[in-house]
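**Student:**
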Amino acid sequence: MRKIIVITSGKGGVGKTTTAINIGAAINQFGGDVVVIDANLSTPNVGIHLNSPEVPVNLNHVLSKKAEVFEAVYEHVSGMKIIPSSLSLKELKKIKPEALKNYKKDFAKVADYVIMDSSAGLGNEALAVIDVADEIIIVSNPEIPAITDALKTIKLAQQMKKTVIGVIMTRVRKNDIEIQPEVVREMLEIPIIGMIPEDSIIQEALSMKDAVVHTHPKSKPARAYKEIAARLMGIKYDSNQDKETISDKLSKILKKFKIKKWKTRT
Ligand code: ADP
Ligand code: MG
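When the letters of the sequence shown are read in order and numbered with this note's numbering, they come out as residues 144 to 409.
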């Protein structure tokens with residue numbers, strides 16, 4: 144069955160968009176048919192993260208009945224599909240987020256995996272996106288404010304009879320000050336489906352306007368996102384086998400210093 148998976152959080156700025164585009168990129172890399180929908184209507188970021196231009200038809204046009212869902216689908220160079228939202232405040236004023244649920248069937252027709260990025264919090268807009276979900280993934284950081292806000296979102300989603308499949312802990316720094324995974328599991332009472340380390344490579348990918356799964360496919364965060372995608376797809380993926388080899392590392396160093404590898408004379 145095709146599923147709409149909503150990526151949400153209680154607190155803002157925890158890593159939802161990064162997570163949505165990287166899960167999308169990883170599913171696509173594994174050969175899955177995937178669309179990432181920017182349902183963060185007030186502060187859309189997917190287009191910014193993926194260097195997509197301001198497009199003529201976007202989700203706002205669909206929600207204001209000016210276009211059909213299929214007309215707002217674009218293809219990223221990688222092959223994953225994207226439905227962007229408008230950056231214009233004028234466009235935002237014209238729509239009601241509650242209209243999202245009218246297009247649930249049409250969203251599901253776009254691809255086998257529908258990943259929806261959303262806004263944080265418990266306002267109308269965030270709730271309207273949760274309402275469209277078949278499954279929900281919560282994104283949090285290992286800090287008390289993020290976790291307490293995540294708990295509120297989980298309870299609310301459950302009250303709305305939604306399945307919360309788990310939490311992705313991101314920006315994990317592995318030190319004693321942070322809340323440990325066991326404590327998170329106990330507090331949130333849902334499984335941890337992935338842990339993404341804090342890594343400047345993520346910001347590097349953002350400045351390159353692409354998913355880290357594309358820019359640094361063998362890095363720790365990329366492999367952690369691929370593990371989550373494989374889990375969602377029900378396929379096997381061994382991240383240890385996907386590590387950088389010594390030859391990869393050497394090539395990178397040579398590239399950095401602009402040294403060409405020697406070719407054997409034939
Ligand atoms: P949200 O969508 O929840 O507002 P974003 O995905 O836009 O969050 O991420 C917020 C900021 O955190 C961005 O600058 C992003 O590059 C950074 N970030 C996200 N995940 C990581 C990570 N694992 N390591 C380092 N920085 C990260
Ligand atoms: Mg975002």
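C-beta atoms are modelled at their ideal positions from N, C-alpha and C, and glycine is treated no differently. No experiment lies behind these values; they were computed from the predicted model shown.
What does the alpha-carbon distance come out to for the pair Glu290 and Lys304?
**Tutor:** The residue labelled residue 290 in the question sits at position 147 within the sequence shown. The residue labelled residue 304 in the question sits at position 161 within the sequence shown. For the sequence presented, residue 290 should be read as Ile rather than Glu. Approximately 21 Å between the Cα atoms of the pair.
**Student:** Taking just the CA atoms, how far does Ala373 sit from Lys298?
**Tutor:** Residue mapping note: residue 298 aligns to position 155 of the sequence shown, counting from 1. Residue mapping note: residue 373 aligns to position 230 of the sequence shown, counting from 1. Going by the C-alpha atoms only, they are around 27 Å apart.
**Student:** Determine the closest residue to Phe173 out of Ser221, Thr161, Ile280, with distance taken between C-alpha atoms.
**Tutor:** By one-based count along the sequence shown, residue 173 stands at place 30. Answer by Cα proximity: Ser221.
**Student:** For Ile335 and Gly190, what's the separation of their Cα atoms in angstroms?
**Tutor:** Sequence index remark: in the sequence shown, residue 335 carries index 192 (1-based). Sequence index remark: in the sequence shown, residue 190 carries index 47 (1-based). Approximately 28 Å, taken between the alpha carbons.
**Student:** Below 7 Å, is the gap between the Cβ of Pro227 and the nearest heavy atom of the ligand ADP?
**Tutor:** By one-based count along the sequence shown, residue 227 stands at place 84. Pro227 Cβ: outside cutoff for every heavy atom of the ligand ADP.
**Student:** Compute the minimum distance between the beta carbon of Ser207 and the heavy atoms of the ligand ADP, and state whether it is under 7 Å.
**Tutor:** Working through the sequence shown from its first residue, we reach residue 207 at position 64. No.
**Student:** Going by C-alpha distance, which of Ser261, Phe213, Ile273 is nearest Ala251?
**Tutor:** The count along the sequence shown starts at 1 and reaches residue 251 at position 108. The option with the nearest alpha carbon to Ala251 is Phe213.
**Student:** Secondary structure at Val307, three-state DSSP: helix, strand or coil?
**Tutor:** In the sequence shown, the residue the question calls residue 307 occupies position 164. Strand, per DSSP.
**Student:** In the DSSP assignment, find the unbroken beta strand (DSSP E) run with Thr151 in it and report its ends.
**Tutor:** The residue you call residue 151 lines up with position 8 of the sequence shown. That run of the beta strand (DSSP E) goes 146 to 151.
**Student:** Does the beta carbon of Asn194 fall short of 7 Å from some heavy atom of the ligand MG?
**Tutor:** Here residue 194 refers to the residue found at position 51 of the sequence shown. Incorrect: Asn194 has no Cβ contact closer than 7 Å to the ligand MG.
**Student:** Could you pull out every unbroken alpha helix (DSSP H) segment of at least 4 residues lying fully inside the segment 254 to 291, listed in chain order?
**Tutor:** List check, alpha helix (DSSP H) in window: 267 to 275.
**Student:** Given 7 Å as the limit, tell me if Lys317 has its C-beta closer than that to any heavy atom belonging to the ligand ADP.
**Tutor:** To locate residue 317, count along the sequence shown from 1; it is residue 174. Incorrect: Lys317 has no Cβ contact closer than 7 Å to the ligand ADP.
**Student:** Indicate the three-state DSSP secondary structure (helix, strand or coil) for Ile336 in the structure shown.
**Tutor:** Working through the sequence shown from its first residue, we reach residue 336 at position 193. Ile336 falls in the strand class under three-state DSSP.
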